[in-house]
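Novice: Residue numbers (our numbering), protein chains in the order written: chain U, 43 to 475; chain B, 43 to 475.
Idealized CB from N, CA, C, for every residue including glycine.
Attaching a single structure in structure tokens format; questions to follow.
Shown next as structure tokens:
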């Protein structure tokens, strides 16, 4: 099934001076690229042109000769510099005619905004090239437009990301599937992402590649594995091309099951990839709360935990213990220990974690103290040195890290490592109990 | 000067399957677009192709016919799927020859990484098409390459953003200026950005547009004004095309001077646009410190202030007072007031700000309490309701806000408004004293 010929190719044309001048980063093109590849319609080329009729015309015309599906985004607004629809109608020798569905949606849009009538300037938003199929825009005034352009299908979408995404997710696939469905289906790409943190890409790859060689072919065949590293961790993306979703899920299950012992303590589960989700779920599951005392991360750990809805169930609160006096007075670090060992030390990290939990009445604690830089480093405590302690079930554990990168990277990595340490200990504690 | 003919046009070709599949957002293209427009070489078209020799060849060939400068990024690495250099050499009928500058830089790069020799696979990184000019890459192994391609100049740059930016900023302009300098200079675009926060785009525009109409032409002529809004505020970007930088700076000064009374309390100065920079500078200038008590922002205000180097000079610390018990026990909010008025109230915001400053021994204080959502809203305190208090010079001021958007947007807007309020009060206090 996956071997049945080449996938039908697509092309993207994004329109707008703001893209060429770099005032806007072309996130639409990347988003569409992922969607189309997933649908079995991989993007073969991408073009960006300004708000110039001749450039739009030439480029769309060129793209239509090269691929089976051309998606044009931008230039569908109601103002003078929105040229896409007119240029395309002209290129295809069709006139613009009022579409009833689009007109009703447009009226409803303005009624919802408290206006009785569609403003003069916006009425043209309901006009589309003759013979076009319309995809209603639930978030704006420019509908999506699907046209049969002979050799290829041509799709016009508004450039506002929210509107574009709503239209694509709303009904684009079924609108093009009469034509492309049979050919694309064998090339649909199924994905699963496995999240890891706390292990660098090369070490993860060394462990995995050896195992993959040893595994039977029926587990690994046809599954592509990509390593996607960033400052917070390494995601493993598994891909299978072709076949149905159920079959793909079954194969992903078997594959992951056969490597999961290697991923061990580094793996975590989070629907959106955020380790704070996994930590929050683990706290909630075990009915526990956490308090945080942060020096070098300066509020970032607490911020990560409170980014998520329902944080009040698991976070009691925290102290940003930046000055030594705050570490002593507000958390309860012992002055003598702080002076003897220094603020960046195992002893201070442990006391931050234990005392903040005790003082704020939380079941678990996190303490972070380190040198984020650029200043403040020394020979035995260079920039990037961070002590992280966690208190779970009355026991405190402390780990010394040495993170690379600038202040921002050290802070991000520190907060992630603090969450990872708490996560691991909560799971270990759960397994014991 | 600015009217002397059309600006020489440029085109960008970005190479890489990861761009087409949307795994990487093409930030290079946007960054280059801004740089080239600023240099008077505006981008007329942009292309993205995969790691396929035929596609790279055809697209570069097409672009060279359309513009005076073609910049190709990506595909310069040492592995099999890096095709750009070979394809371009072939297209131009030149062979690849070892470049001595590039070779020395390559040797130095590996020596710095602790390797005695350049690895076999990487040696080709020092080979460039005959007759090319090389721009050394201070951060990686692929140098920039400038080629005279007859009608146009052709520039090859690595796709890693850090490396690309270092090469472009290092010497690209002088490498192309022998050819394009005379023609581009009249089209150089000078910019100045004026930052505002706390006023929405439409209100800012209403005030400004009326003033601009009333101003004499010699102040406004030839200055373009763009409004760049985001969740944190609205930037005003002024642009002048052509002329020298000193003349542009003088004209920007006059223009800004003539609108600055309208921008009043909303304007702030920060080299990188971050209001936390302005707040930190104002605290430092007046020799004062701050302490923060945060409920709904959960550490975000402290995080903003500690993102910046030298934060320990101005931030004593903070309390993430998420649970009511922490507001009472760790900050000193009165239990009776909290119960009577509720956690999201003027009284609690005031007490958070006053008491956290007092308790942590800071000169000024910030208190934030609100409903970030999605849950927790009520009829009289809907989601987005946030009370922000600041204490400066012993006096506390509290403001009620109602922010739109989701949890993330409410939190970001709240932290920004808290910083803005402190900034305004520090300046007012400085003006008084």
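Identify the contact partners of residue 63/U in chain B, using a Cβ-Cβ distance below 8 Å as the criterion.
Specialist: Simply 75, 76, 79, 84 and 85.
Novice: Let me make sure I understand the geometry here. Which of 56/U, 80/U and 454/U has the alpha-carbon closest to that of residue 274/U?
Specialist: The shortest Cα separation from residue 274/U among 56/U, 80/U and 454/U belongs to 454/U.
Novice: Threshold first: 3 residues or longer. Then list the beta strand (DSSP E) segments lying entirely within the segment 342–393 of chain B, N to C.
Specialist: Complete beta strand (DSSP E) runs here, min 3: 357–362.
Novice: Going along the chain, which unbroken runs of the beta strand (DSSP E) with 3 or more residues stay wholly within the segment 397–442 of chain U?
Specialist: Segments of the beta strand (DSSP E) lying fully in the segment 397–442 of chain U: 406–412 and 427–434.
Novice: Helix, strand or coil, according to DSSP, for residue 395/U in the structure here?
Specialist: Residue 395/U falls in the helix class under three-state DSSP.
Novice: Is there a Cβ of chain A sitting closer than 8 Å to that of residue 368/U, yes or no?
Specialist: Protein chains in the displayed structure are U and B, and chain A is not among them.
Novice: The segment 162–186 of chain U: which residues have C-beta closer than 9 Å to a C-beta of chain B, in chain order?
Specialist: Hits within the stretch: zero.
Novice: Mind checking residue 121/B: buried by the 16 CB within 10 Å criterion, or exposed?
Specialist: Exposed.
Novice: For residue 275/U, list the residues DSSP reports as bridge partners.
Specialist: For residue 275/U, which the question treats as bridged, DSSP gives the partners 272/U.
Novice: Consider the Cβ of residue 470/B: report whether some Cβ of chain U lies at a distance smaller than 8 Å.
Specialist: For residue 470/B, the answer is no, since every Cβ of chain U falls outside 8 Å of its Cβ.
Novice: Put residue 138/B into one of helix, strand or coil per three-state DSSP.
Specialist: Residue state, collapsed to three classes: strand.
Novice: Take residue 266/U and list the residues in its own chain whose beta-carbon comes closer than 6 Å to its own, dropping the five residues that flank it on each side.
Specialist: Result list for residue 266/U: 281, in chain order.
Novice: What does a CB cutoff of less than 8 Å around residue 383/U pick up in its chain, not counting 5 residues either side in sequence?
Specialist: Only 389 and 390 meet the Cβ criterion.
Novice: So with Cβ pairs under 8 Å, would you call residue 128/U a contact of chain B?
Specialist: Chain B, which has no Cβ nearer than 8 Å to the Cβ of residue 128/U, makes this no.
Novice: Should residue 53/U go down as buried or exposed, given a rule of 16 or more other Cβ atoms within 10 Å for buried?
Specialist: Classification of residue 53/U: buried, given that the 10 Å Cβ count is 16 or more.
Novice: Compute the Euclidean distance between the alpha carbons of residue 434/U and residue 346/B, then round it to the nearest angstrom.
Specialist: Each residue's alpha carbon lies about 29 Å from the other.
Novice: Can the beta-carbon of residue 337/U be found closer than 8 Å to that of residue 310/U?
Specialist: For residue 337/U and residue 310/U, no; Cβs fall outside 8 Å.
Novice: Using 8 Å as the Cβ pair cut-off and three pairs as the minimum, do the segment 458–465 of chain U and the segment 312–321 of chain U touch?
Specialist: Flag = yes, the segment 458–465 of chain U and the segment 312–321 of chain U touch.
Novice: Are there any heavy atoms of the ligand PLP lying less than 7 Å away from the beta-carbon of residue 67/U, as far as the coordinates show?
Specialist: The model on display carries no ligand, and the ligand PLP is accordingly not part of it.
Novice: Mind pulling the chain U residues with CB within less than 9 Å of residue 372/B?
Specialist: What residue 372/B touches in chain U: 359, 361, 372, 401 and 402.
Novice: Between the alpha carbons of residue 201/B and residue 50/U, how many angstroms are there, rounded?
Specialist: Cα to Cα, the separation comes out at about 28 Å.
Novice: By Cβ distance, which residues of its chain are closer than 6 Å to residue 227/B, with the 5 residues on each side in sequence left out?
Specialist: If we look at residue 227/B and ignore the five residues flanking it on each side, it has no Cβ neighbours.
Novice: Considering only their Cβ atoms, is the gap separating residue 177/U from residue 213/U smaller than 8 Å?
Specialist: Result yes, Cβ atoms of residue 213/U and residue 177/U sit closer than 8 Å.
Novice: For the beta strand (DSSP E) that contains residue 78/B, what are its first and last residues?
Specialist: That residue, residue 78/B, is in no beta strand (DSSP E); its alpha helix (DSSP H) goes 69–80.
Novice: Closest by CA to residue 205/U, which one among 187/U, 197/U, 221/U and 179/U?
Specialist: Answer by Cα proximity: 179/U.
Novice: May I ask you to list, following chain order, the residues of the segment 424–452 of chain B that have a beta carbon less than 9 Å from some beta carbon of chain U?
Specialist: So the close ones are 449 and 450.
Novice: Any contact between the segment 75–92 of chain U and the segment 59–70 of chain B? By contact I mean 3 or more CB pairs, one from each, below 8 Å.
Specialist: They touch, by the three-pair rule.
Novice: Between the segment 234–253 of chain B and the segment 188–195 of chain B, are three or more C-beta pairs nearer than 8 Å?
Specialist: No contact exists between the segment 234–253 of chain B and the segment 188–195 of chain B.
Novice: Quick one: any contact between the segment 82–97 of chain B and the segment 86–94 of chain U, if contact means 3 or more CB pairs under 8 Å?
Specialist: They touch, by the three-pair rule.
Novice: Could you have a look at residue 160/B and say whether DSSP puts it in helix, strand or coil?
Specialist: Note: residue 160/B maps to coil in three-state DSSP.
Novice: Using a Cβ-Cβ cut-off of 8 Å, state whether residue 88/B counts as contacting chain U.
Specialist: At least one chain U Cβ lies under 8 Å of residue 88/B.
Novice: Taking the beta strand (DSSP E) that residue 239/B belongs to, which residues open and close that run?
Specialist: Here residue 239/B belongs to no beta strand (DSSP E), and DSSP marks it neither H nor E.
Novice: Considering only DSSP beta bridges, list what residue 124/B is partnered with.
Specialist: Per DSSP, none; premise fails for residue 124/B.
Novice: How would you list, in chain order, the residues of chain U whose beta-carbon sits under 7 Å from the beta-carbon of residue 351/B?
Specialist: Near residue 351/B (Cβ distances below 7 Å), the residues of chain U are 416, 417 and 449.
Novice: Kindly provide the ranges of any alpha helix (DSSP H) runs that are 4 or more residues long and lie completely inside the segment 245–321 of chain U, ordered along the chain.
Specialist: If we require 4 residues or more, the alpha helix (DSSP H) runs fully inside the segment 245–321 of chain U come out as 259–262, 287–299 and 302–305.
Novice: Taking a contact to mean a Cβ-Cβ separation below 8 Å, would you say residue 235/B touches residue 278/B in this structure?
Specialist: It is a contact, given that the beta carbons lie within the stated cut-off.
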